[in-house]
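Report on one structure; see the data block that follows.
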């Protein structure tokens with residue numbers, strides 16, 4: 003993506019965020035900030051028109067089919083799984099257009115200026131995954147353009163990283179913040195359900211992994227599929243992704259590598275301590291877990307396992323499209339990074355509980 007997720011932010015909300023972070027703004031990012039403000043001001047005018055014509059209809063929507071959430075840490079295979087499950091013609095999802103123009107996509111979806119549409123293309127930061135206007139997208143960016151209470155703003159305001167890390171967790175929110183987040187997500191679900199004509203909505207935002215219990219309380223019939231992967235590979239790739247994402251999106255100075263590394267490890271630890279705790283809140287028949295290694299080794303069998311475990315209809319109808327997507331990705335290669343000994347030791351020290359729970363061998367020496 004060559005643009006910024008905050009192009010689609012409500013203008014008043016955007017200005018409040020800038021005011022809150024005024025002391026940490028980097029003068030070197032002035033051009034980026036001003037460009038985002040121009041797009042935000044332009045798009046907010048259409049958002050007001052859209053609310054006038056559609057808001058009552060959206061709020062009246064009855065969601066008949068509970069949502070399906072893909073959970074898992076960044077770089078665990080969530081995007082590959084998202085793209086495969088989105089092949090199901092009976093499932094709908096948020097794409098880049100509906101996500102980054104959330105406030106006005108009903109009005110502008112087919113009339114968005116070419117110069118803005120072109121900003122929704124390119125490679126995803128952190129890897130070479132192609133980014134297109136109609137690619138499945140994470141709803142966290144739409145939420146970030148509505149409210150403050152989201153982890154996503156960490157990549158734009160990294161000097162406040164601890165505040166935004168805390169907001170990924172239910173116990174890091176006040177009651178008022180939790181209510182705003184839930185109300186925003188519920189409105190988002192109704193709006194995309196309205197647009198997709200009542201289909202089951204598939205969501206994928208890795209930070210939802212820390213909120214599974216909260217999401218279950220909000221949507222008691224929702225179903226969850228969690229994908230997990232070797233933490234060494236996940237964290238190496240995540241650190242690279244966080245650095246690339248912050249460099250591409252920040253309005254402030256980029257934190258040093260050591261801080262980003264420590265932040266990534268501690269966040270991973272906190273997410274999975276919370277997720278494993280939340281498993282007790284979700285009925286067994288509403289949650290299935292898969293290993294990334296199984297999905298890449300036997301994708302169709304693993305997808306069939308998901309459909310069976312969650313009692314989802316339509317697998318046979320979706321199979322041809324899933325097979326086509328699998329074939330289209332055969333040439334894709336994940337990035338490879340060298341694991342420093344110090345990082346290996348830190349991962350072993352902090353994440354022993356994860357290795358034990360998922361029976362993943364722990365490396366004790368380089369090359370093990």
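Numbering (my numbering), first residue to last: 3 to 370. The beta carbon of each residue, even a glycine, is placed where N, CA and C say it ideally should be.
Would you mind sorting residue i into buried or exposed? The rule is 16 or more other CB atoms within 10 Å of its CB.
i: residue 120; result: exposed
i: residue 319; result: exposed
i: residue 174; result: buried
i: residue 151; result: buried
i: residue 170; result: buried
i: residue 90; result: buried
i: residue 253; result: buried
i: residue 159; result: buried
i: residue 259; result: exposed
i: residue 199; result: exposed
i: residue 194; result: buried
i: residue 93; result: buried
i: residue 30; result: exposed
i: residue 100; result: buried
i: residue 164; result: exposed
i: residue 345; result: buried
Which residue marks the beginning of the beta strand (DSSP E) containing residue i, and which one marks its end?
i: residue 372; result: For residue 372 there is no data in the structure shown, the boundaries of the chain being 3 and 370.
i: residue 93; result: 93-95
i: residue 73; result: 70-73
Between the options, which has its C-alpha nearest residue i's C-alpha?
i: residue 266; options: 234, 284 and 32; result: 234
i: residue 5; options: 22, 16, 297 and 35; result: 35
i: residue 215; options: 152, 243, 268 and 279; result: 279
i: residue 251; options: 94, 157 and 276; result: 157
i: residue 243; options: 53, 78 and 11; result: 78
i: residue 39; options: 239, 19, 167 and 88; result: 19
i: residue 289; options: 269, 298, 310 and 273; result: 310
i: residue 256; options: 26, 14 and 229; result: 26
i: residue 338; options: 239, 308 and 317; result: 239
i: residue 273; options: 326, 286, 207 and 324; result: 207
i: residue 292; options: 64, 57 and 74; result: 74
i: residue 108; options: 59, 197 and 345; result: 197
i: residue 355; options: 284, 275, 139 and 138; result: 275
i: residue 457; options: 237, 223 and 51; result: Because the chain in this structure spans residues 3 to 370, residue 457 falls outside the shown range and cannot be described.
i: residue 313; options: 299, 286 and 324; result: 286
i: residue 342; options: 37, 44 and 237; result: 237
i: residue 43; options: 63, 346, 11 and 60; result: 11
Could you spell out the range, first to last residue, of the alpha helix (DSSP H) harbouring residue i?
i: residue 192; result: 177-197
i: residue 100; result: 98-102
i: residue 1; result: The chain is shown only over 3 to 370; residue 1 falls outside these bounds and no answer can be derived.
i: residue 47; result: 32-61
i: residue 206; result: No alpha helix (DSSP H) contains residue 206, which is instead part of the beta strand (DSSP E) from 202-206.
i: residue 349; result: 343-352
i: residue 330; result: 317-330
i: residue 84; result: 80-87
i: residue 215; result: 214-220
i: residue 307; result: 301-311
i: residue 152; result: No alpha helix (DSSP H) holds residue 152; DSSP gives it neither H nor E.
i: residue 275; result: 259-280
Alpha carbon to alpha carbon, how far is residue j from residue i? Give it in angstroms, no decimals.
i: residue 370; j: residue 105; result: Unreliable positioning characterises residue 370 in this predicted model, as indicated by a pLDDT of 49, which lies under 50. The coordinate reading is nonetheless provided below. Roughly 50 Å between the two C-alpha positions.
i: residue 221; j: residue 70; result: 10 Å
i: residue 176; j: residue 333; result: 46 Å
i: residue 330; j: residue 23; result: 43 Å
i: residue 189; j: residue 67; result: 15 Å
i: residue 9; j: residue 147; result: 9 Å
i: residue 219; j: residue 41; result: 36 Å
i: residue 166; j: residue 271; result: 16 Å
i: residue 301; j: residue 328; result: 8 Å
i: residue 297; j: residue 304; result: 6 Å
i: residue 161; j: residue 191; result: 31 Å
i: residue 141; j: residue 96; result: 7 Å
i: residue 322; j: residue 112; result: 29 Å
i: residue 232; j: residue 362; result: 7 Å
i: residue 351; j: residue 172; result: 25 Å
i: residue 155; j: residue 16; result: 11 Å
i: residue 226; j: residue 80; result: 12 Å
i: residue 52; j: residue 268; result: 41 Å
i: residue 83; j: residue 326; result: 14 Å
i: residue 182; j: residue 57; result: 17 Å
i: residue 2; j: residue 178; result: As shown, the chain starts at 3 and ends at 370. That puts residue 2 outside it, with no answer to give.
Round the Cβ separation of residue i and residue j to the nearest angstrom and send it over; I've been treating them as touching at under 8 Å.
i: residue 210; j: residue 204; result: Residue 210 to residue 204, Cβ: 12 Å. No contact.
i: residue 241; j: residue 263; result: 5 Å
i: residue 98; j: residue 136; result: 7 Å
i: residue 13; j: residue 102; result: About 15 Å separates the two Cβ atoms, so there is no contact after all.
i: residue 110; j: residue 55; result: 13 Å between Cβ atoms; not a contact.
i: residue 230; j: residue 294; result: 7 Å
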